[in-house]
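Asks: Structure provided below as structure tokens; questions to follow.
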Amino acid sequence: MTIDVTSKIEIARPRAVVADFSADPDNVPRWYVNIKSVEWKTPRPARAGSRIAFVAQFLGRRLVYTYEIVEFVQGERLVMRTAEGPFPMETSYTWR
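Residues 33 to 128 (our numbering) are what the sequence shown spells out, left to right.
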């Protein structure tokens, strides 16, 4: 079974500022309420091949998973897929 979820938001800031902030895994707990912690498994900065472990709280459960960045175009697009975790996920961010 596949579930697709799409969310859009307009932020009154320059695209580059928003993209740089939200694409930095260290900032994710500041803007994504379900993410409790982030741990780099590969050296910074974010790029294709980077792996980042996340601890999330979702529907009363603690989830631990590692994402691998599979596509990263600075200021435009970020795609991550689970490398380790309880189920497969893919998350894509596009800044326009």
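Where a beta carbon is used, it is the ideal one built from N, C-alpha and C, also for glycine.
#1: Label V60 either buried or exposed according to how many other C-beta atoms from any shown protein chain fall within 10 Å of its C-beta, with 16 as the threshold for buried.
#2: List the residues that DSSP assigns as beta-bridge partners of V102.
#3: Please look up how many angstroms separate the CB atoms of L110 and Y125, rounded, as I've assumed it's under 8 Å.
#4: Can you name the residues that DSSP bridges to I84?
#5: Suppose you measure from the CA of T38 to the CA of P77; what does that come to, to the nearest Å?
#6: Just verifying my parser: in three-state terms, what is the DSSP assignment at R79?
#7: If you reduce the DSSP assignment to three classes, tell me which class V49 lands in.
#8: Alpha helix (DSSP H) containing R62: first to last residue?
#9: For V111, which beta-bridge partners are listed by DSSP?
Replies: Quick answer:
#1: buried
#2: V102 is not bridged to any residue.
#3: 5 Å
#4: Here I84 is bridged, per DSSP, to W72 and Y99.
#5: Looking at the backbone, the Cα of T38 and that of P77 are separated by about 26 Å.
#6: coil
#7: Reduced to three states, the DSSP call for V49 is helix.
#8: V60 to W63
#9: Per the DSSP secondary-structure output, V111 pairs in a beta bridge with E103 and S124.
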